[in-house]
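Take 82 as the starting number for the sequence shown in my numbering and just add one per residue. Beta carbons: idealized from backbone N, C-alpha and C, even for Gly. Note sheet for the following structure.
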Amino acid sequence: MGSTLTTRPAGPGDRHLLTGLLGALSHDSAYLRFQTGIGPGPWPAMVDALLPEGLRGGAVLGFVEGELVAHGVWVRVGYRSAAEIGLVVADAHQGRGIGTRVASALMDDLTAHGVEQVEVFASATNTAVIRMVARQAPDAVRERDGATVTYTFPARRAPHEVRTVA
82 MGSTLTTRPA
92 GPGDRHLLTG
102 LLGALSHDSA
112 YLRFQTGIGP
122 GPWPAMVDAL
132 LPEGLRGGAV
142 LGFVEGELVA
152 HGVWVRVGYR
162 SAAEIGLVVA
172 DAHQGRGIGT
182 RVASALMDDL
192 TAHGVEQVEV
202 FASATNTAVI
212 RMVARQAPDA
222 VRERDGATVT
232 YTFPARRAPH
242 EVRTVA
């Protein structure tokens, strides 16, 4: 039987939780999310950057049975009404639809803050991102630059449904 994913906004008080999630990622998962290794634990400045507040961005945490299993962040791109999003799911919870649910929560938050355009920057080999964008934003414009790709698509609120994750 599956468990229910719950999401909530993240804030500065969640530094310790986020540090634990990021520190437990495999090297592969950390590299796919950040395009670099993060070492034995994330730097405090990195964790702070992943918890933006106010007009510059927002973050969401995903929990299964009280355990932090996912983090998502959106950050405005300059002064445009565009934002870049990024997310990560704990290794043991990948492939269960958690990333899609966290992305939906991010979309709700960023559209509520007036963002009209979304950008996703990823490794061109990140199959999880490729599949998610294909399903959730089939109209996305794909721009490849060497080993990376940027997807751009209109921001829109996701339909809400309660789903159990495997």
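Just to confirm, is the Cβ distance from residue i to residue j under 8 Å?
{"i": "V170", "j": "A205", "result": "no"}
{"i": "V40", "j": "A203", "result": "Outside the displayed range of the chain (82 to 247) lies residue 40, so it cannot be described from this structure."}
{"i": "A105", "j": "V141", "result": "no"}
What are the boundary residues of the alpha helix (DSSP H) that residue i is part of?
{"i": "T100", "result": "96-104"}
{"i": "R216", "result": "208-217"}
How would you write the range of the beta strand (DSSP E) that residue i sits in, first residue to last?
{"i": "E197", "result": "From DSSP, E197 is part of no beta strand (DSSP E); its letter is neither H nor E."}
{"i": "R225", "result": "222-226"}
{"i": "R89", "result": "84-90"}
{"i": "P235", "result": "229-235"}
Quick one: what's got a C-beta closer than 6 Å to residue i's C-beta in the same chain, skipping five residues either side?
{"i": "D190", "result": "G139"}
{"i": "V128", "result": "R96, L99, T100"}
{"i": "G153", "result": "V141, L168, V183, L187"}
Sorry if obvious, but does the Cβ on residue i come closer than 7 Å to a heavy atom of the ligand ADP?
{"i": "A171", "result": "Inclusion of the ligand ADP in the displayed structure is not the case, the ligand content being empty and no account of it being possible."}
Meets three-Cβ-pair contact criterion under 8 Å: the segment 191-207 and the segment 173-181: no
Would you call the segment 176-187 and the segment 85-97 in contact, with 3 or more CB pairs under 8 Å? yes
Identify every run of the beta strand (DSSP E) within the segment 107-182, keeping only runs that are complete inside it and at least 3 residues long; order them along the chain. Every beta strand (DSSP E) stretch that sits fully inside the segment 107-182 and reaches 3 residues is listed by chain position as 138-145, 148-157, 163-170.
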